[in-house]
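Residue numbers (the UniProt record's numbering), protein chains in the order written: chain A, 1 to 345; chain B, 1 to 345; chain C, 1 to 345; chain D, 1 to 345.
Protein chains: 4
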Amino acid sequence: MIGIAVVGYGYWGPNLVRNISEAAGAHLVSVCDLNVDRLAAVKSRYPAVTITDDFEEVLRDPRVDAIAIATPVFTHFKLAMQAMMAGKHVFVEKPMASTTEEASRMVEEATRRRLVLAVDHTFVHTGAVRKMRELVENGLGDMYYYDSVRVNLGLFQHDVSVIWDLAVHDLSILDHVVQERPVAVSATGMSHVLGEPENIAYLTLFFESKLIAHIHVNWLAPVKVRRTLIGGSNKMVVYDDLEPSEKIKVYDKGITLNPNSQAYGEKVHQMMVGYRSGDMWAPKLDMTEALKRELDQFVECIEQNSRPITDGHAGLRVVRILEAASRSLAQRGRIIELEEARRIA
Amino acid sequence: MIGIAVVGYGYWGPNLVRNISEAAGAHLVSVCDLNVDRLAAVKSRYPAVTITDDFEEVLRDPRVDAIAIATPVFTHFKLAMQAMMAGKHVFVEKPMASTTEEASRMVEEATRRRLVLAVDHTFVHTGAVRKMRELVENGLGDMYYYDSVRVNLGLFQHDVSVIWDLAVHDLSILDHVVQERPVAVSATGMSHVLGEPENIAYLTLFFESKLIAHIHVNWLAPVKVRRTLIGGSNKMVVYDDLEPSEKIKVYDKGITLNPNSQAYGEKVHQMMVGYRSGDMWAPKLDMTEALKRELDQFVECIEQNSRPITDGHAGLRVVRILEAASRSLAQRGRIIELEEARRIA
Amino acid sequence: MIGIAVVGYGYWGPNLVRNISEAAGAHLVSVCDLNVDRLAAVKSRYPAVTITDDFEEVLRDPRVDAIAIATPVFTHFKLAMQAMMAGKHVFVEKPMASTTEEASRMVEEATRRRLVLAVDHTFVHTGAVRKMRELVENGLGDMYYYDSVRVNLGLFQHDVSVIWDLAVHDLSILDHVVQERPVAVSATGMSHVLGEPENIAYLTLFFESKLIAHIHVNWLAPVKVRRTLIGGSNKMVVYDDLEPSEKIKVYDKGITLNPNSQAYGEKVHQMMVGYRSGDMWAPKLDMTEALKRELDQFVECIEQNSRPITDGHAGLRVVRILEAASRSLAQRGRIIELEEARRIA
Amino acid sequence: MIGIAVVGYGYWGPNLVRNISEAAGAHLVSVCDLNVDRLAAVKSRYPAVTITDDFEEVLRDPRVDAIAIATPVFTHFKLAMQAMMAGKHVFVEKPMASTTEEASRMVEEATRRRLVLAVDHTFVHTGAVRKMRELVENGLGDMYYYDSVRVNLGLFQHDVSVIWDLAVHDLSILDHVVQERPVAVSATGMSHVLGEPENIAYLTLFFESKLIAHIHVNWLAPVKVRRTLIGGSNKMVVYDDLEPSEKIKVYDKGITLNPNSQAYGEKVHQMMVGYRSGDMWAPKLDMTEALKRELDQFVECIEQNSRPITDGHAGLRVVRILEAASRSLAQRGRIIELEEARRIA
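Structure representation (structure tokens):
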């Protein structure tokens with residue numbers, strides 16, 4: 001049994017606590033938060049769990065093998081480093097850190113100490129995203145584009161822009177679904193509240209191939225949209241996370257090209273690009289709660305000394321793009337090469 | 001009665017011919033096309049109309065007061081200039097020309113000769129877009145963003161990119177609905193067919209105010225989407241052109257700001273940004289066919305020597321943005337100032 | 001070439017005229033209507049076609065092999081009988097007659113004279129309904145239910161109830177898709193306009209098997225709905241005619257039964273009925289215009305002396321149910337056996 | 001503080017327990033269930049609450065002022081009667097009893113002992129249904145129809161038909177929203193599992209006015225639908241309970257009648273029935289959890305000796321219709337007068 005402590009019992013912490021308390025191979029040892037009321041809530045629901053407002057106490061507790069960190073982003077680096085230095089495995093909320101520099105050091109620390117460092121890219125562990133990866137690997141053909149819209153009204157953050165809050169989901173999904181890595185990013189956006197970070201943003205990611213990815217995030221939309229279009233040379237996918245059951249729809253649609261066609265005048269085009277349209281298909285999805293699957297995997301990795309799917313490297317890749325996108329955003333879409341971003345970081 | 005000739009009887013021409021033949025103040029004199037089969041189709045449906053494959057004949061015909069041009073974009077400039085030089089009023093398909101230079105000269109020619117030059121920005125004349133303008137002028141408050149998605153499968157053009165084919169609609173709507181003019185544009189996109197122009201593109205338009213506009217166009221999408229979100233400080237709008245009747249939905253939603261709040265730590269944010277959510281409302285729309293309304297207005301402008309809503313200046317503003325966007329697209333999103341674009345043009 | 005005359009150029013007549021004028025094996029000879037303006041409209045659009053307001057003239061015309069009847073329902077019987085007595089094949093709008101008695105005599109007349117009598121059950125010839133029949137025959141398993149909703153605002157008829165106007169579509173589809181024939185009908189409904197027939201109605205059809213069919217029709221609904229659910233023991237179908245492309249969705253869902261289970265108390269139920277849920281699938285549909293396909297078949301039947309899919313027998317079966325449903329409606333749902341209906345008719 | 005015990009901790013009981021434990025004026029005293037595991041679950045979550053498998057103990061407990069009953073339907077009568085005889089107020093799940101006879105005796109007992117008897121018609125206490133009642137009372141005009149569809153896959157019951165399981169919701173909503181009471185019912189349906197009750201059913205309710213109500217319930221549908229259409233002479237409503245926020249849409253649509261029109265032939269109809277179509281409007285709804293509101297009201301009624309909105313009389317009216325509908329169902333739609341039902345009961 002792996003003993004786990006949870007640090008931070010705010011918005012997401014209760015989900016971690018519930019899943020850990022029900023996990024087969026794990027044991028919820030303690031919960032740490034600075035807020036006394038929150039700790040009381042933990043105690044009334046989980047009487048056997050130790051509560052504390054002192055992180056040092058968690059670090060010293062020999063029953064604790066691993067620490068799950070669900071605190072504000074700017075604290076991730078410090079808490080995770082302290083945890084690892086105390087020999088604890090780490091499960092950290094996304095984004096894993098505020099800067100590429102911090103994320104890199106966390107990855108190095110985990111590597112050096114042979115600890116498991118998992119980043120909570122929850123969506124990657126859903127049935128829908130896992131099915132998308134399967135489709136991308138087998139069926140879609142060459143990747144043409146990945147287009148995601150993630151908009152709703154609220155919840156404005158005052159320390160990070162909408163990119164760090166919402167686009168992080170799309171970037172982590174993209175990182176998992178597509179094996180190719182982006183080489184450059186251009187981002188535009190706007191803040192509509194004086195002194196606050198951008199609440200609307202658009203990211204374009206370029207790749208060495210013809211793949212293009214685009215992410216639209218917005219905290220100020222009248223309707224909630226969670227929709228991704230993926231275009232491949234053989235098939236296309238619509239992923240609508242708000243659909244209760246048919247979240248993934250696969251369309252046997254596309255264009256056909258006839259490069260050998262002799263062509264004169266207007267006829268050229270008609271001979272070269274044809275359209276095909278076949279069946280649509282919504283595969284049945286595994287409906288296991290993503291966080292449960294993810295935590296089970298985290299425990300398994302600790303036991304078997306293996307690497308989780310969404311490990312520190314994945315978290316670092318996402319932070320690197322977030323950072324580059326933020327720089328582009330500040331310069332109205334100036335292209336930022338991700339190599340360049342790497343060098344600077 | 002204003003005598004009108006139609007040049008070009010391909011995709012859109014038949015709509016012009018039908019509407020002109022039914023218009024109250026106009027008289028359909030002749031139809032000109034290079035294709036004999038198309039001319040035969042006109043004759044069988046409209047036996048009284050003159051058909052010809054010789055544009056010069058149209059120019060010489062004294063019964064013709066105005067010429068409607070529905071030919072490929074690259075021919076607009078030449079045909080329109082000839083028409084105006086022959087003293088004919090002009091109704092030209094969008095985009096009005098291939099370059100800002102051409103469009104400028106067309107506007108100058110019309111001004112010098114005191115001719116009516118109308119550009120067929122059809123959507124501007126729909127009940128939905130007219131209602132949006134009304135809402136923007138009265139009710140939405142300060143404009144925050146304009147976000148449009150116009151995607152579907154096909155029809156690939158081989159001479160112009162998807163921007164000139166699809167984004168032109170959004171730019172003409174935006175030009176009408178919002179009184180402020182954009183000052184810079186950043187565009188990204190990709191071509192997925194070797195040797196062909198971009199089939200997917202994303203445009204961001206910047207304004208002097210905090211307004212930001214974004215347009216997503218795609219010829220290679222598995223589903224058809226025609227959806228625009230408009231965010232204002234008081235209300236927000238969803239315009240879905242595929243809805244059979246409730247195309248415009250107005251949401252009484254938004255954020256409330258409390259700039260005077262004393263704030264420390266985490267509390268800052270919560271005190272500054274609040275959310276409000278009220279009724280949603282779908283106003284009844286005028287369902288008159290847009291092209292009918294537009295042609296009636298064209299005839300009226302000729303009779304009264306007045307300017308149509310979508311005149312050459314509107315057409316020119318749209319072409320200027322298309323041109324700048326194309327330049328940005330070629331440089332992976334490099335910002336193009338529209339003043340700069342103007343100087344170069 | 002089969003010469004065809006169209007009688008009645010009101011709501012549906014123009015569609016017949018257009019399709020016949022474009023049909024490969026047919027030749028549009030003449031159009032007959034009592035209204036002079038309508039005839040003028042025909043002439044301007046089809047200058048070569050004979051127009052007349054005298055049905056006798058059509059009957060005498062030796063160029064006319066077949067007559068398509070698109071007049072009000074109460075005239076179908078008389079016109080069709082006259083046409084057949086004059087040796088003409090008949091294509092008649094649905095419902096084919098006002099009573100079972102009339103419909104029976106029409107069928108007898110066609111049989112005796114070896115003429116083709118086709119009833120325009122248009123929906124039967126759509127790609128969607130043809131696909132449904134294919135699925136029912138191969139894949140759905142035992143039929144459990146057929147549930148259809150066909151509601152919208154208007155157009156109120158003053159001579160027939162909403163059953164004769166709207167349910168006729170569902171009954172003709174059901175007649176084609178399901179091979180079993182209903183044995184009894186119960187109908188309820190209401191008129192909300194004094195002195196007018198029912199504008200809302202609900203029909204339940206019983207069969208000898210466990211199949212049950214239900215049809216909801218309404219002229220006074222705020223939204224338009226055209227949706228049919230079909231439940232089978234293996235698969236289930238949703239047919240939504242307002243969907244632009246995915247009109248048919250096949251669900252691999254259902255219940256599993258374990259009749260041998262030993263069961264005590266609450267456990268009984270859980271052991272006997274299980275649920276399964278698999279993929280959803282929207283097959284590509286043939287998008288040929290139904291009326292074109294139907295008229296091509298009519299012409300082919302004349303040439304080859306064969307029977308159309310929607311022949312007089314199909315039309316008669318539908319009228320018999322409409323008549324029985326009307327009697328049940330008048331008695332607040334009293335069950336009407338269709339054998340009984342047959343005897344009375 | 002009103003002391004409350006909950007009997008039955010199966011599907012719905014946990015919701016009662018949670019809401020009572022959080023209610024302002026109430027105190028959760030004890031939970032009773034025959035299943036030891038369920039009681040253990042209660043204890044671990046609510047350590048201070050008494051648990052017992054002996055209902056007699058609950059009846060004897062002087063701390064218990066009221067008992068909430070969430071056991072199978074066939075036990076409601078016995079448990080509620082025992083509770084009232086012990087002087088306890090009662091909050092009972094719907095349907096309140098298995099027969100009209102039982103429900104009547106429960107109402108009498110509550111009246112005689114001046115105890116509060118509330119029936120858990122949860123939907124009546126939602127923001128959506130409360131808004132519908134408001135609209136029906138003020139704005140819709142004369143009521144024309146109430147049409148509800150409540151279908152999904154599962155959960156088959158083996159002791160009661162789908163009417164008692166699903167239609168009970170619609171009947172309780174209808175009872176609240178419409179002040180007029182139905183006078184007769186016709187029901188049809190079918191069982192598709194040998195030896196099990198009907199899993200699909202259709203109810204038509206008749207009123208003295210021109211109002212007609214229809215309810216479609218089905219345990220074997222491939223998709224989940226929760227949609228009610230209400231037609232009034234002035235406005236019409238669509239209530240879609242699956243919509244996340246705009247559950248109620250009000251349409252300013254309808255027909256206009258001109259009873260004084262002189263009319264001959266076909267013109268009659270056109271002069272008498274016109275159509276009007278105006279704005280659509282989705283009012284903001286109170287999103288308070290219905291059960292919380294309902295339990296707060298129950299507590300208030302006990303304190304103030306007043307009657308809850310969904311009292312025993314409402315519960316009895318619903319059971320009376322369920323019973324009559326079941327009788328009609330067994331006779332393929334034979335009309336059952338509700339007076340007759342009353343006499344027999």
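Ideal Cβ positions, reconstructed from N, Cα and C, are used throughout, including at glycine.
Less than 7 angstroms between C-beta atoms, sequence neighbours within five positions excluded: which residues of the same chain meet that for residue i?
{"i": "residue 175 of chain D", "result": "314, 317, 318"}
{"i": "residue 71 of chain D", "result": "7, 8, 79"}
{"i": "residue 154 of chain D", "result": "219"}
Measure the alpha-carbon distance for residue i versus residue j and round it to whole angstroms.
{"i": "residue 257 of chain C", "j": "residue 143 of chain C", "result": "16 angstroms"}
{"i": "residue 210 of chain D", "j": "residue 121 of chain D", "result": "26 angstroms"}
{"i": "residue 197 of chain B", "j": "residue 34 of chain B", "result": "26 angstroms"}
{"i": "residue 170 of chain D", "j": "residue 326 of chain C", "result": "27 angstroms"}
{"i": "residue 307 of chain C", "j": "residue 116 of chain C", "result": "7 angstroms"}
{"i": "residue 276 of chain C", "j": "residue 235 of chain C", "result": "10 angstroms"}
{"i": "residue 273 of chain D", "j": "residue 191 of chain C", "result": "13 angstroms"}
{"i": "residue 10 of chain A", "j": "residue 38 of chain A", "result": "8 angstroms"}
{"i": "residue 103 of chain B", "j": "residue 330 of chain B", "result": "22 angstroms"}
{"i": "residue 84 of chain C", "j": "residue 109 of chain C", "result": "7 angstroms"}
{"i": "residue 240 of chain D", "j": "residue 245 of chain A", "result": "18 angstroms"}
{"i": "residue 233 of chain A", "j": "residue 134 of chain A", "result": "16 angstroms"}
{"i": "residue 56 of chain B", "j": "residue 229 of chain B", "result": "46 angstroms"}
When the Cα of residue i is compared with those of the options, which residue comes out closest?
{"i": "residue 96 of chain B", "options": "B/214, B/86, B/107, B/178", "result": "B/107"}
{"i": "residue 160 of chain C", "options": "C/113, C/25, C/200, C/241", "result": "C/200"}
{"i": "residue 13 of chain B", "options": "B/79, B/69, B/302, B/240", "result": "B/69"}
{"i": "residue 111 of chain B", "options": "B/123, B/88, B/131, B/128", "result": "B/88"}
{"i": "residue 30 of chain D", "options": "D/50, D/292, D/75", "result": "D/50"}
{"i": "residue 349 of chain B", "options": "B/131, B/91, B/141", "result": "The question about residue 349 of chain B has no answer here: the residues shown for chain B are numbered 1 through 345."}
{"i": "residue 193 of chain B", "options": "B/158, B/179, B/45, B/222", "result": "B/158"}
{"i": "residue 16 of chain D", "options": "D/42, D/36, D/1", "result": "D/42"}
{"i": "residue 32 of chain A", "options": "A/19, A/64, A/22, A/298", "result": "A/64"}
{"i": "residue 278 of chain B", "options": "B/238, B/251, B/298", "result": "B/251"}
{"i": "residue 136 of chain C", "options": "C/81, C/282, C/293, C/179", "result": "C/179"}
Go through its chain and collect everything with a Cβ distance to residue i's Cβ below 8 angstroms, but skip five positions before and after it.
{"i": "residue 338 of chain B", "result": "181, 182, 183, 184, 185, 320, 321, 324"}
{"i": "residue 224 of chain D", "result": "151, 152, 153, 242"}
{"i": "residue 62 of chain A", "result": "none"}
With DSSP as the reference, please indicate the residues paired to residue i in a beta bridge.
{"i": "residue 205 of chain C", "result": "C/185, C/213"}
{"i": "residue 64 of chain B", "result": "None; residue 64 of chain B has no bridge partner."}
{"i": "residue 253 of chain B", "result": "B/277"}
{"i": "residue 156 of chain D", "result": "BP columns for residue 156 of chain D are empty, so no partner."}
Rounded to whole angstroms, how far is the Cβ of residue i from the Cβ of residue j, which I believe are closer than 8 angstroms?
{"i": "residue 4 of chain A", "j": "residue 66 of chain A", "result": "5 angstroms"}
{"i": "residue 187 of chain C", "j": "residue 333 of chain C", "result": "7 angstroms"}
{"i": "residue 288 of chain D", "j": "residue 127 of chain D", "result": "7 angstroms"}
{"i": "residue 255 of chain C", "j": "residue 148 of chain C", "result": "Actually they are not in contact, since the Cβ atoms of residue 255 of chain C and residue 148 of chain C sit about 22 angstroms apart, beyond 8 angstroms."}
Identify, in the order they occur along the chain, each residue of the same chain with its Cβ nearer than 6 angstroms to the Cβ of residue i, setting aside the five sequence neighbours on each side.
{"i": "residue 217 of chain B", "result": "150, 162, 166, 167, 201"}
{"i": "residue 266 of chain B", "result": "Residue placement at residue 266 of chain B is poorly supported in this model, since its pLDDT is 47, which falls under 50; the coordinates are not used for a value here."}
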